[in-house]
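**Q** For the record, in the sequence shown the residue sitting at position 262 is 262 according to the working numbering, with numbers rising by one throughout.
Beta carbons: idealized from backbone N, C-alpha and C, even for Gly.
Computed from a predicted structure; not experimentally measured.
Sending over a structure as structure tokens; questions will come in a sec.
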Amino acid sequence: MSTNIQVPAHIAARVAARGGQKSAVQAALLSEGFSFPKISIRASRYRLVEDSVETVVGTTLDVVIVGSNPKVSKIWYSKAYDGAEAVRPDCFSYDGVTPDASVEKPFHSNCAACPNNVLGSKVTPNGQKSKICGDQRHLAVVPAADPTKVYGLTVTVSAMKGLREYIKDLSNYGLIPEEVITELGFDDQASFPKVTFKQKDPGGFVPEKAMAAIEDVCKSREVLTVTRQDTAPAGPRLAAPKTVHTLGPALTNPDEMNPEPAPAKVKAKAKDAPKPVEEDTSPKSTVSAMESKLHALFADS
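Okay, structure coming up:
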């Protein structure tokens, strides 16, 4: 387009009124890969990712779980991820029943009858029976570091048992996940990023003033999007984003085994990044900080 273009007055007024905001059509045409905020666990560090701007939080992350896909998702790559080129899953399913409509060449038309979905179709290096087609759970969470957004978190098969046990433990006390502050961590005995779940201690509960708003978030469209219950597109495995902000320890783990796709390469400005959070690392102070953020966020609730 010519740089000397003369914009009509009515268009110029619309441009000024938009203030740089994209239209739905523009956003759709410019989007690549994941079009929603997500949490990466690459190299055993929690990373808030949005528009390819990655903020490294650290080895723990406080969240409120606000949603989950009720189905176990499936994902299969015919080739190992080398960390360089973009690789789409060869076959995947968000409902664990049939391959997603976007899969060009499904390995099988029915997940239950697929030979890749049979326990023992794969044997891990330590001799354990596994499946070629991996199981996943897609969660929606509101993180303490950026409580204004709903983020997607993919829980791989290795961490699903721990997630179930955590939810059962809450149930033993009559609690549901959206009422408590959950501390995400990593299993330091695992050689790959394995997520752990526990209630933030002491007193890790969502403040009373925030409960109504959290309940509204649980019913929002954002939750359906990040848990892949609507028509969210499949995300390709792409190289890590160029813009990285660090809130926690520097990357030190060389044995990286990341089972989830990295975000797409999209040019993003630094102002789009989630704002850093500086807080006391003691348990009581961390919980107070989380509650303060939720109080501030939902002050008008």
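(1) I'd like to know if residue 103 contacts chain B, where contact means its C-beta is closer than 8 Å to some C-beta of that chain.
(2) Take residue 141 and list the residues in its own chain whose beta-carbon comes closer than 6 Å to its own, dropping the five residues that flank it on each side.
(3) On the CB-based measure, 16 or more other CB atoms within 10 Å of its CB, does residue 173 come out buried or exposed?
(4) Whole angstroms are fine: how far does the CA of residue 47 sit from the CA of residue 147?
(5) For residue 199 and residue 186, I'd like the C-alpha separation in whole angstroms.
(6) Just curious, the beta strand (DSSP E) that residue 64 is in, first and last residue?
(7) Where residue 183 and residue 217 are concerned, what is the direct C-alpha to C-alpha distance, given to the nearest angstrom?
(8) In three-state DSSP terms, what is residue 206?
(9) So, helix, strand or coil for residue 280, using DSSP?
(10) Count the other CB atoms, across all protein chains shown, that sit within 10 Å of the CB of residue 20; report buried if there are 16 or more and exposed otherwise.
(11) Just to confirm the assignment, what range does the alpha helix (DSSP H) spanning residue 188 have?
(12) Tell me the DSSP secondary structure of residue 91 in three-state form.
(13) Using CA coordinates, which residue listed in 6, 97, 179 and 12 is at the minimum distance from residue 167?
(14) Where does residue 10 land, buried or exposed, given buried means 16+ other C-beta within 10 angstroms?
(15) Quick one, are the C-beta atoms of residue 102 and residue 228 less than 8 Å apart?
(16) Specify, as a first and last residue, the run of the alpha helix (DSSP H) that residue 40 falls within.
(17) Using CA coordinates, which residue listed in 192, 230 and 98 is at the minimum distance from residue 45?
(18) In whole angstroms, give me the CA-to-CA distance for residue 108 and residue 92.
(19) For residue 144, count neighbouring Cβ atoms within 10 angstroms of its own Cβ and tell me buried if that reaches 16, exposed if not.
(20) Could you check how far apart the C-beta atoms of residue 96 and residue 122 are, in whole angstroms? I think they sit under 8 Å.
(21) Mind checking who residue 199 pairs with in its DSSP beta bridge?
(22) Which residues in the same chain have their Cβ closer than 7 Å to the Cβ of residue 224, if we skip the five residues on either side of it in sequence?
(23) Report back the beta-carbon spacing between residue 99 and residue 106 to the nearest angstrom; my notes put them in contact at under 8 Å.
(24) When we look at the beta-carbon of residue 176 and count the other beta-carbons within 10 Å, is it buried (16 or more) or exposed?
(25) Using the rule of at least 16 other Cβ atoms within 10 Å of the residue's Cβ for burial, across every protein chain shown, is residue 156 buried or exposed?
(26) Can you name, in chain order, every residue of its own chain whose Cβ lies under 7 Å from the Cβ of residue 163, other than the five neighbours on each side?
(27) Using only CA atoms, which one of 170, 39, 53 and 111 lies nearest to residue 61?
(28) How about residue 149 and residue 37: do their beta carbons lie closer than 8 Å?
(29) Less than 8 Å between the beta carbons of residue 303 and residue 75, yes or no?
(30) Going by the CB atoms, is the gap between residue 35 and residue 139 shorter than 8 Å?
(31) Once you ignore the five residues that flank residue 160 on each side, which residues in its own chain have a CB closer than 6 Å to its CB?
**A** In short:
(1) The displayed structure is made up of one protein chain only, and chain B is not part of it.
(2) Here the question's residue 141 lines up with position 141 in the sequence shown. Cβ neighbours of residue 141 beyond the five flanking positions: 63, 65, 151 and 153.
(3) Taking the first residue of the sequence shown as 1, we reach residue 173 at position 173. The residue is exposed, with fewer than 16 neighbouring Cβ atoms inside 10 Å.
(4) Sequence index remark: in the sequence shown, residue 147 carries index 147 (1-based). Sequence index remark: in the sequence shown, residue 47 carries index 47 (1-based). Using only the alpha carbons, I get a separation of about 14 Å.
(5) Your numbering for residue 199 matches position 199 in the sequence shown. Your numbering for residue 186 matches position 186 in the sequence shown. For residue 199 and residue 186, the distance between alpha carbons rounds to 14 Å.
(6) Here residue 64 refers to the residue found at position 64 of the sequence shown. Where residue 64 is concerned, the enclosing beta strand (DSSP E) stretches over 61-68.
(7) Within the sequence shown, the letter at position 183 stands for residue 183. Within the sequence shown, the letter at position 217 stands for residue 217. When rounded, the distance between both Cα atoms is 19 Å.
(8) One-based indexing of the sequence shown puts residue 206 at position 206. Coil, per DSSP.
(9) Along the sequence shown, read from residue 1 onward, the residue named residue 280 stands at position 280. Because the pLDDT of residue 280 is 49, which lies under 50, any placement of that residue in the model is unreliable, and the question is left without a value.
(10) For this step, residue 20 is matched to residue 20 along the sequence shown. Under this definition residue 20 is an exposed residue.
(11) Against the sequence shown, residue 188 aligns to sequence position 188. Unbroken run through residue 188: none, as it is neither H nor E.
(12) The sequence position of residue 91 within the sequence shown is 91, counting from 1. In the structure shown, residue 91 sits in a strand (DSSP, three-state: E or B).
(13) Stepping through the sequence shown from its first residue, residue 167 is reached at position 167. Out of 6, 97, 179 and 12, 179 has the C-alpha closest to the C-alpha of residue 167.
(14) On the sequence shown, position 10 is the one that residue 10 refers to. Its Cβ having fewer than 16 others within 10 Å, residue 10 is exposed.
(15) For this step, residue 102 is matched to residue 102 along the sequence shown. For this step, residue 228 is matched to residue 228 along the sequence shown. Result no, Cβ atoms of residue 102 and residue 228 do not sit closer than 8 Å.
(16) Your numbering for residue 40 matches position 40 in the sequence shown. Not the alpha helix (DSSP H): residue 40 falls in the beta strand (DSSP E), residues 38-40.
(17) Translated into the one-based positions of the sequence shown, residue 45 becomes position 45. Residue 45 has its Cα closest to that of 192, out of 192, 230 and 98.
(18) Position 108 of the sequence shown, counted from the start, is the residue given in the question as residue 108. Position 92 of the sequence shown, counted from the start, is the residue given in the question as residue 92. Answer to the nearest angstrom: the Cα atoms are 10 Å apart.
(19) Indexing the sequence shown from 1 puts residue 144 at position 144. Looking at its Cβ environment, which holds 16 or more other Cβ atoms inside 10 Å, residue 144 is buried.
(20) Taking the first residue of the sequence shown as 1, we reach residue 96 at position 96. Taking the first residue of the sequence shown as 1, we reach residue 122 at position 122. No, residue 96 and residue 122 are not in contact; Cβ-Cβ is about 17 Å, not under 8 Å.
(21) Taking the first residue of the sequence shown as 1, we reach residue 199 at position 199. Answer by DSSP bridge pairing, in chain order: 182.
(22) Your numbering for residue 224 matches position 224 in the sequence shown. Only 230 meet the Cβ criterion.
(23) Position 99 of the sequence shown, counted from the start, is the residue given in the question as residue 99. Position 106 of the sequence shown, counted from the start, is the residue given in the question as residue 106. Confirmed, about 4 Å.
(24) Against the sequence shown, residue 176 aligns to sequence position 176. Answer is exposed; the Cβ neighbour count stays below 16.
(25) Translated into the one-based positions of the sequence shown, residue 156 becomes position 156. The residue in question, residue 156, is buried, as its Cβ has 16 or more Cβ neighbours within 10 Å.
(26) Translated into positions along the sequence shown, residue 163 becomes position 163. The answer, listed in chain order, is 137, 155 and 197.
(27) Locating residue 61 in the sequence shown gives position 61, counting from the first residue. Nearest option by C-alpha distance: 39.
(28) One-based indexing of the sequence shown puts residue 149 at position 149. One-based indexing of the sequence shown puts residue 37 at position 37. Yes.
(29) The shown model of the chain, from 1 to 301, leaves out residue 303, and the question about it has no answer.
(30) On the sequence shown, residue 139 is found 139 positions in, with the first residue counted as 1. On the sequence shown, residue 35 is found 35 positions in, with the first residue counted as 1. Contact flag unset, no.
(31) Along the sequence shown, read from residue 1 onward, the residue named residue 160 stands at position 160. These residues qualify, in order along the chain: 137.
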